Each structure stands twice: as structure tokens, then as C-alpha cells.
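Reading through the C-alpha cells given below for one structure.
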Amino acid sequence: MRLAARRTALVLVALVALLAPLLVSSPAEAGRRTRVVAVFSATQVALGTPVTVTGVVKDRGKRKRKVVLEQRIRGGWRTVSKGRTTRTGAFALPVDTSWLYTTRLRVRAPRAKGAGPDTSKATWVTVSPGYAPAGDPNAWSPITQGMRTRFNPCRSIRYQIRPGLYGAGFVSAVSAALADVTAATGLRFVDRGLTDLIPRNQGGPWPAKVDLILAATTVAESAATGSPLESTTGGRAGPHKTTWGRDPRGRVALVKSAHVWINSTPASPMTPNRLLQILKHEIAHAIGLGHTESPGQYMNTSTAAFASLPLRGWGAGDLTGLARQGLQGGCVRRLR
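Counting from -14, one number per residue, gives the positions in the sequence shown under this note's numbering.
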């Protein structure tokens, strides 16, 4: 009896020794069945420079795998682009360089039938402006002191335009100004057409599915807004309605709607360049930036400071503040 029991015990030990490597290594082996290798064509580029990430997804099968290019922003990873490999596992994905950032990017292959997931090594990529931003990079402020105010950068901002007396030239200037804001923030703007509405400072009618209204208005017309323009004022802007939200840094005033008013009957002539510069200044107010007294910034309290700035660029302080308002600052969720 004792001999039989001993033999049984030896058999069990042998079985455990045989199965243990299989039991322990199965998850690891499943992880090793897929390996993603990614190489970026460049990692430090000027705004708008084409960049591609290429590589291979290695697994045991001959199949087309899904691949996802992801970018690290504050609070997590966001999807930049998607694609599929060839049957040999090769892939090529475009890298978005339409806005300024310094972040990590990686390529992920999701789990597939018979193959585990894997993610490439994260790579730092910097997209920089094609000019040297002027002034102090810390020269910026929020529109409301002591409180951060932001749109949710992970959703598109839908806008309408009231051209007023400026006509088609105003529409073109708005498009250029929004493009410059996108370049500095990563915010995306979606055109919802024209409107006749001059929004009030607070309350009043507001169209559905519109987040931002940019309205050219005369001094006389602006009287109905509750915050009339003066003849010497180029424009005025800010959030129209906010609610409480939260981003990775904490509580924030989440902008639900915002307005921009531009004076179409100013005391001084409004040249096309001046119109573009004032629009940039006011749109930055609408997305949450305040004034600075520092020279060389579009958010300076005086429009005279604009003369030293590149027409399609920003000051160093502007860029710091705009980056905080944009994608690099992370998504904002509404608090219930």
C-alpha cells in the first residue's frame, strides 16, 4: 500500500512538472505571437511636413491585421489614424503634422482571431513652427483668473459665420484665422454655413448644433448684444455658455458655446491683414485665453503689438496658452 501510494505521488509530481511550463507560459506565448515594429520617417519636423510611420506586424499567420496609430495626450492615448497590413504584415500610416506638438506616438495591433495584441515602442515626435516665436513663453493668461475655461478638444467645434458688411472677405479671413488656431491647438472646426444671428453676450437665441458664432456687426447693431462695441474697438469675444467639466488636471469650465463679434464700422480702416489678426485674437478669447501685457503676443491688450508678429504665426506666450487649451491638454468630460 505504501509503495503504491508512493508511485501515485511520483506520477502526480511528474504530471505537474510536465504541465507547469505549458500552464505558466501559455499567456506569455500568446503575447509573443504578435510583435509590432514601427519606424517613423522623421521625428522632428516643421508644421505640415509629411511624415509616415512604417513597419511590420509579426505573427504566425499570413493575414491582414488592423493597425492603429495612437498619440499620447494628457490623460491617455488618442487614435490618429487606422489601417491594415499586407498579408506579409507590412503597414504604412500617415502621421498628422497639421498642428504643433511634442508627444509620443505608437502603433497598436489589436487582438485578432488566433493572434494576440501588441504595441510598438512609443516614439517622441515634435512638430514645430517654421518661425521663431517671439517673446516670453510664459506670457499668457486664462480668460477668467483662477478658473480654467476650455472647449472639449476631443470633439469638433461647429461654427457659423455672419459676414455682415465685410461680405466674402470676412468668410475667407475666418477660415484663415481658424486654420491658425488649429495649427496651435489641434482643435478641429467644422463649417455649418452662414447665419444672420448676432448672438447676445449672455442668453438669447442660439442655433442647434452650433458651438461658435463669428459675427461681423456694426457699432449700432452691437447695442442689442448687451455688450455694445465702441468705434475704437476691433472686436470682442468669449464663452457664451459654460458648464462644469473635468479634464486630466481637474475641474474646468467646459465651453458649450462661444461668440466672436468683429466691428464692421471701426473708426480706423480695417485692412484684410488687420481683420485676420483681430480675428485670431478674438477666437483665442472664445476658446479660453485672456490678455497679456507682454510684447510680441497676439493676446496683448493693444493691437499695435500685432505689427511685429508674423501674420500666420503666434507669439511664444500665445503658443503656450493655446497648447493648454488644445489636444495636448487632454479631453474634457461634462460633469453630471
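Cβ coordinates follow ideal geometry from the N, Cα and C atoms, glycine included.
All of these numbers come straight from a predicted model, not from anything done at the bench.
Q) How would you label Arg91, buried or exposed, when you count the other beta carbons within 10 angstroms and need 16 or more for buried? A) Translated into positions along the sequence shown, residue 91 becomes position 106. So Arg91 ends up on the buried side.
Q: Using beta-carbon positions only, say whether Tyr144 and Val195 come within less than 8 angstroms of one another.
A: Walking along the sequence shown from the start, residue 144 turns up at place 159. Walking along the sequence shown from the start, residue 195 turns up at place 210. Against a cut-off of 8 angstroms, the Cβ pair of Val195 and Tyr144 comes out as a contact.
Q) By the 10 Å Cβ neighbour count, where 16 or more other Cβ atoms means buried, how is Arg45 classified, buried or exposed? A) Indexing the sequence shown from 1 puts residue 45 at position 60. Classification of Arg45: exposed, given that the 10 Å Cβ count is below 16.
**Q.** For Lys241, three-class secondary structure by DSSP
**A.** Counted from its first residue, the sequence shown places residue 241 at position 256. Looking at Lys241 - three-state DSSP - the assignment turns out to be strand.
Q) Looking at the unbroken alpha helix (DSSP H) that takes in Asp165, where does it start and where does it end? A) Locating residue 165 in the sequence shown gives position 180, counting from the first residue. It spans Ala153 to Thr170 - the alpha helix (DSSP H) in which Asp165 sits, taken as one unbroken run.
**Q.** Beta-carbon proximity list for Thr217, same chain, < 6 angstroms, skipping 5 on both sides
**A.** The count along the sequence shown starts at 1 and reaches residue 217 at position 232. Ala252.
Q.
So, for Gly33: in the same chain, excluding its five sequence neighbours on each side, which residues have a beta-carbon less than 7 angstroms away from its beta-carbon?
A. As a position in the sequence shown, residue 33 is number 48, starting the count at 1. These residues qualify, in order along the chain: Thr82 and Ser83.
Q) Pairing CB atoms from the segment 69 to 78 with CB atoms from the segment 103 to 111, are three or more of them under 8 angstroms? A) no
Q. Between which two residues does the beta strand (DSSP E) carrying Lys51 extend?
A. As a position in the sequence shown, residue 51 is number 66, starting the count at 1. Per DSSP, Lys51 belongs to the beta strand (DSSP E) from Lys51 to Ile58.
Q: Give a yes or no on whether the C-beta atoms belonging to Leu172 and Gly315 are separated by under 8 angstroms.
A: By 1-based counting over the sequence shown, the position of residue 172 is 187. By 1-based counting over the sequence shown, the position of residue 315 is 330. In this structure, Gly315 does not lie closer than 8 angstroms to Leu172 by Cβ.
Q.
Taking contact to mean 3 or more Cβ pairs, one atom from each stretch, closer than 8 angstroms, check whether the segment 114 to 127 and the segment 207 to 225 are in contact.
A. no
Q | Alpha-carbon to alpha-carbon, Arg319 and Met132 | A | The sequence position of residue 132 within the sequence shown is 147, counting from 1. The sequence position of residue 319 within the sequence shown is 334, counting from 1. C-alpha separation (whole angstroms): 16 angstroms.
Q | Euclidean distance between Cα positions of Gly99 and His244 | A | Counted from its first residue, the sequence shown places residue 99 at position 114. Counted from its first residue, the sequence shown places residue 244 at position 259. For Gly99 and His244, the distance between alpha carbons rounds to 53 angstroms.
Q.
Ignoring anything shorter than 3 residues, give me the beta strand (DSSP E) runs that lie fully in the segment 170 to 247, in order along the chain.
A. 174 to 179, 197 to 202 and 220 to 232
**Q.** Those residues which DSSP pairs with Thr87 across a bridge
**A.** Counting from one through the sequence shown, the residue named residue 87 turns up at place 102. Answer by DSSP bridge pairing, in chain order: Thr111.
Q) If we count the other Cβ atoms within 10 Å of its Cβ and call it buried at 16 or more, is Asp181 buried or exposed? A) Indexing the sequence shown from 1 puts residue 181 at position 196. Counting Cβ neighbours within 10 Å, Asp181 comes out exposed, since fewer than 16 surround it.
Q) Which term fits Lys265, buried or exposed, when burial requires 16 or more other beta carbons within 10 angstroms of its beta carbon? A) Taking the sequence shown and counting its residues from 1, one reaches residue 265 at position 280. Answer is buried; the Cβ neighbour count reaches 16.
Q.
So the candidates are Thr167, Pro192 and Pro148; which of them puts its Cα closest to the Cα of Thr202?
A. The residue you call residue 202 lines up with position 217 of the sequence shown. Among Thr167, Pro192 and Pro148, the Cα nearest to that of Thr202 belongs to Pro148.
Q: Might you give, ordered along the chain, the residues of its own chain that have their beta carbon closer than 8 angstroms to the beta carbon of Val317, omitting 5 neighbours on each side?
A: The sequence position of residue 317 within the sequence shown is 332, counting from 1. These residues qualify, in order along the chain: Arg135, Phe136, Asn137, Pro138, Cys139, Gly230, Arg231, Asp232, Val237 and Leu239.
Q: Tell me where the alpha helix (DSSP H) around Pro257 begins and ends.
A: Numbered from its first residue, the sequence shown carries residue 257 at position 272. Element bounds for Pro257: Pro257 to Ala271.
Q: Drop a sphere of 10 angstroms on the beta-carbon of Pro184, count the other beta-carbons inside from all chains shown, and report buried for 16 or more, exposed for fewer.
A: Position 199 of the sequence shown holds residue 184. By the neighbour-count rule (16 or more Cβ atoms within 10 Å), Pro184 is buried.
Q: Determine the direct distance from the alpha carbon of Arg96 to that of Ala15, and round the result to whole angstroms.
A: In the sequence shown, the residue the question calls residue 15 occupies position 30. In the sequence shown, the residue the question calls residue 96 occupies position 111. In this prediction, Ala15 has a pLDDT of 45, which is less than 50 and means its spatial position is unreliable; what the coordinates show is noted afterwards. Straight-line Cα distance between these residues: approximately 10 angstroms.
Q: Kindly list the residues whose CB is nearer than 6 angstroms to the CB of Gly306, restricted to its own chain and excluding five residues on each side of it in sequence; keep chain order.
A: Along the sequence shown, one-based indexing puts residue 306 at 321. Closer than 6 angstroms at Cβ, skipping near neighbours: Trp125 and Leu274.
(Q) At the level of alpha carbons, what is the spacing between Arg234 and Gly211? (A) Taking the sequence shown and counting its residues from 1, one reaches residue 234 at position 249. Taking the sequence shown and counting its residues from 1, one reaches residue 211 at position 226. Computed Cα separation, rounded: 34 angstroms.
Q: Assign Ser126 to one of three DSSP states: helix, strand, or coil.
A: As a first step, residue 126 is located in the sequence shown; it is residue number 141 there, counting from the start. Reduced to three states, the DSSP call for Ser126 is coil.
Q) Looking at Phe174 and Ile333, is the spacing between their C-beta atoms short of 8 angstroms? A) Nothing about residue 333 can be reported from this structure: the residues present for the chain run from -14 to 321 only.
Q: Out of Lys49, Pro35, Ile58 and Ala153, state which residue places its alpha-carbon closest to the alpha-carbon of Arg69.
A: Position 84 of the sequence shown holds residue 69. Of Lys49, Pro35, Ile58 and Ala153, the residue nearest in Cα terms is Lys49.
Q) Where does Ser26 fall in DSSP's three states? A) Your numbering for residue 26 matches position 41 in the sequence shown. Looking at Ser26 - three-state DSSP - the assignment turns out to be coil, as it is neither helix nor strand.
(Q) On a Cα-Cα basis, can you pick out the residue from Trp246, Leu260, Asn258 and Thr228 that is closest to Arg321? (A) Your numbering for residue 321 matches position 336 in the sequence shown. Among Trp246, Leu260, Asn258 and Thr228, the Cα nearest to that of Arg321 is on Thr228.
**Q.** Whole-angstrom C-beta distance between Arg72 and Lys47, which should lie under 8 angstroms
**A.** Locating residue 47 in the sequence shown gives position 62, counting from the first residue. Locating residue 72 in the sequence shown gives position 87, counting from the first residue. Yes, Lys47 and Arg72 are in contact; Cβ-Cβ is about 5 angstroms, under 8 angstroms.
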